[in-house]
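Worksheet for the structure shown next.
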Amino acid sequence: MKNKSALVKWFPFILIGVFAVITAFTVYMNGDDYLWYYSVEDSALDVWRTPNGRLFSNQMTIWLVRSYWFRTLFIAATLAAFLILLGKLTDFEKKLGSARYYIALFLLVTIPAMTYAETVRWISAYTNYVISIMLVLIYLLFLFRCICTDHRPKLWTAVLFLPLALLSGLCVEHVTIFNVILSAAAVILLLKLKKKGVLHSAAFLAGAIVSCIIMFGNHSYSDIYESGDAVGNRNFELGLSNIMQNAYSFVVMHYTKDSWMLSIVIAVGFTVMYFRADHGDKKPKYLDLCMVICWLYTAYSVFAVCFSDLRPNSPAMRVVALETAFTFVYVVATAYLINVFLSKNGKIRAYIYLAGTFLLTAPFLVISPVTARCFFANYVFRILLCGEIIVPAFQGIASEKADKFRKAAFFICFAAVFVISYECAANKYYDAARFDYIREQLQDERSRSLHIMLLPYTEYSHDDLDEGIGEEGHGVGDVLYGDYILKYHGIDADKARERLITYISPYDYYLEKSE
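In short: position in the sequence shown from 1, add 41, done, that's the working numbering.
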C-alpha cells in the first residue's frame, strides 16, 4: 500500500517530466531562430544581436539555437518547472491532491493552438514568454505563502528576489511593466495585512524597476517611435483611433473569447457553487444576473470560435464594439461572483489573477503588431483563476471520491497530452524528412522540379516553407528566412530556386518515395 501511495504521489511529476522531455526533443528551428543562429557570424544580421531591451532572453535564445543538447536540456527542465509551479498555484491550498497537476497541464495544452505554437513550440518565443512568466510564478508562490499562511521567510533570502525580478523583467516588455505593478501592490498589501515578506517584495520591486530602466532605456524603442523598426514591423499606436483599432481587432479577440475552454471551466465552477450554496434570505442582489452573463458569454465564445464568428460588415465595426462591451460586462460579472463564492484568501489570489489578465494585456492596445503569443501570460493567469474557482467547487467530490477524481483527471489530461505530443513529434519528423528530400531531389541534375513537403499539423507549429523559399517567402522586416533556412540545412539556395516548386503533403511524399 505504501509503494502504491508513493507511486500515486509521484505519478503527476512523471507525466509532466515525460511531456517536458518529449516537447524538448520535438522542438525544431523555426522562423526567427535561423536569424538568431547566424546573428553571431553574419554581418548582415548585426542588428539582431541587440534588437531590443530583452537582454536576458536574447542571450538565452542565441545559446539555445546554437546548441541542440543545451536547448533540449534547458527546455525540458524549465518546462517541467513551469508546469509544477502552475500546478501548485492552481490549487494553492492542496485540496485536490495530485489532481491539481493534471488540471494545470490539461488547461495549458488546451489554450488556443496558435498561442501554444508561438510560445512553447518556438525557441525564440519560449525564452521571452514562457521563461519570463515562469519566474513570475516563483514570486507569486512565495507571495501567497506569505499572505495566506504564517510563512516567515529568512531575511537573507530577500537578496534572491533582486536577480529573480531582473531576469524576469529582461525577457519581454509587458511582463517588465507587470512586475513593477505587481511587486508595488504586494508591498502595500503585505504592510496592510501585517504579514512577513515585505523586504523580499521590496527587493523584487527594486529588481523590477532596474529591469524596467534597462529594458526601456535601450535605444531601439526610441528609434521605433521616431523612425520605425530596424528588425521587424513594430510600432507604437498612440492615437485614439489606432488604440480602438488594436482593441477591436486583436485584444478583445484574444483576451477571453478564444480561450473558450477556460470560460467553460469558470462557468461550470461557479454553477456548482451556485447550486450548492444556501444564501437563504440574504441572496446577493445580482447573483442570478451575473450567472446568466457568465453562461451567455461562455456560450457565445464557444460558438464564435468553434462554429462561426460574427464579423463586422461596415467600417463602424459595431459587432466588435458590442463584443468589447460584452467582454467588459463578463469580466465585471466574474469579479462579482468571485466576491460572492470565494473565501478571503481565495478572493485575494483570484483578484490578483483577474487584474493580472488585464495588466498583461493592456500594453497591446498601443503596440503593433499584436500576435497570438503576446497573450500567453494572460492565458496562464486565466488558468490560475480557473484553479481558484474549481477547487472550492469540486473539493467535496475530490475528498469523498479522491481516487476516482484523480483517475478521471489523469485520463483526461493524458488524452490531451498524448494527442498534442503526437502532432508535435510528427511535425518534427516531417520537418527533418522534407529537407532530406529536398537535398535528394537536387542531386538529380536532369529534373527541373522541386517538391516541398508541407507539415501535417500546422496548428501547433509554423511552417516556414509554405510560402516558398524565394522573395515570396516568410521573413521579418527586410530579412527573408529562405536563405538562412537553406544555408542551415546545407542546401544550395540558388540551385533550389532554379526549380519549379510544387507543394506536396506527407501522403504524396510517401507515394513518390514508393515509386
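Just so you know, even glycine gets a beta-carbon here, dropped at the ideal spot from N, CA and C.
Query, Result
"Sequence-distant residues of its chain with Cβ nearer than 8 Å to C347 (five each side left out)", "W301"
"Proximity winner among L201, L196, N169, relative to L211 (alpha-carbon distances)", "N169"
"Pair within 8 Å by beta-carbon distance, Y289 and V221", "no"
"Proximal residues to A140 (C-beta, below 7 Å), its chain only, five neighbours per side dropped", "A439, F446, R447, A450"
"Continuous alpha helix (DSSP H) stretch holding I218: start and end", "214–234"
"Contacts around A434, its chain only, beta-carbon distance under 6 Å, and the 5 residues preceding and following it disregarded", "G310, V313, M314"
"Under 8 Å between C-beta atoms of G248 and A206", "yes"
"As assigned by DSSP and simplified to three states, the class of S546", "coil"
"Bridge partners - I55, DSSP secondary structure assignment", "In DSSP, I55 forms no bridge with anything."
"Length of the line joining the Cα atoms of R193 and L240", "11 Å"
"Buried or exposed (CB count within 10 angstroms, at least 16 for buried), V200", "exposed"
"Close Cβ partners of V381 (< 7 Å) along its chain, the five nearest in sequence each way excluded", "P325, L328"
"Local conformation of M175 per DSSP, three classes", "helix"
"DSSP bridge partner residues for M494 (one or two, in chain order)", "I545"
"Local Cβ density within 10 Å of Y109, reported as buried at 16 or more and exposed below that", "exposed"
"Where the alpha helix (DSSP H) containing H241 begins and where it ends", "239–257"
"Cβ pair L491, I424 closer than 8 Å", "no"
"Cβ-based burial, H320 [other Cβ within 10 Å; buried from 16]", "exposed"
"The ligand HEM heavy atom lying under 7 Å from the CB of L146", "Looking for the ligand HEM in the displayed structure turns up nothing, as the structure carries no ligands at all."
"Buried or exposed by the 16-neighbour rule on C-beta atoms within 10 Å, applied to R112", "buried"
"Contiguous beta strand (DSSP E) assignments of at least 3 residues, all confined to the stretch 451–511", "490–494"
"Identified DSSP bridge partners for I526", "Looking at the DSSP assignment, I526 forms no beta bridge with any residue, so it has no partner."
"Spatially closest choice to F291 from F316, A308, A403, Y392, by CA coordinates", "A403"
"Rounded separation between E441 and G523 - CA only", "58 Å"
"Exposure of S304, with buried meaning 16 or more beta-carbon neighbours within 10 Å", "buried"
"Where S409 falls: helix, strand or coil (DSSP)", "strand"
"Beta-carbon gap between L176 and S209 smaller than 8 Å", "yes"
"Buried versus exposed call for Y471 [16 or more other C-beta atoms within 10 Å across all chains shown]", "buried"
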